Amino acid sequence: MSAQSTTEIETESPPLFNYLKEEIPLEDLKDYASPRRITSIDFLKGFAIVFVILAHTASGWLAPDSEYLYGILLSLLDILGPSLFVFLS
């Protein structure tokens with residue numbers, strides 16, 4: 001009786017790995033470094049920047065006796081502006 005037993009190990013890569021090993025021509029690669037801009041998001045970011053500017057300059061263009069209005073404007077615009085900008089970024 002032959003005591004020689006051979007076990008074969010499959011060394012072939014799965015199809016996914018073979019696909020990943022293939023060389024892809026440079027013409028087929030898409031440029032992901034410069035995505036297209038979404039104008040509606042850029043428009044809302046512009047509003048957020050205007051909100052921050054208004055909140056920081058409101059004391060200069062409001063009458064001195066309207067501190068209550070300034071407090072409301074500052075609390076709304078100074079929270080909404082940066083939050084909206086960061087959320088959209």
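Residue numbers (the UniProt record's numbering): 1 to 89. We put the beta carbon where it would ideally sit given N, CA and C, even for glycine. Please read all numbers here as calculations on a predicted model, not as lab measurements.
Looking only at its own chain, which residues have a Cβ that is under 8 angstroms from the Cβ of residue i, when we skip the five neighbours before and after it?
| i | result |
| --- | --- |
| residue 49 | 81, 85 |
| residue 88 | 41, 44, 45, 48 |
| residue 58 | 70, 73, 74, 77 |
In whole angstroms, what is the alpha-carbon distance linking residue i and residue j?
| i | j | result |
| --- | --- | --- |
| residue 15 | residue 83 | 46 angstroms |
| residue 78 | residue 37 | 26 angstroms |
| residue 66 | residue 35 | 46 angstroms |
| residue 60 | residue 39 | 32 angstroms |
| residue 53 | residue 64 | 19 angstroms |
| residue 23 | residue 51 | 50 angstroms |
Got a sec? Which residues, its chain only, sit under 7 angstroms from residue i by beta carbon, not counting five neighbours each side?
| i | result |
| --- | --- |
| residue 55 | 73, 74, 77, 78, 81 |
| residue 62 | 69, 70 |
At a Cβ threshold of 7 angstroms, is residue i touching chain B?
| i | result |
| --- | --- |
| residue 65 | In the structure shown, chain B does not exist; there is a single protein chain. |
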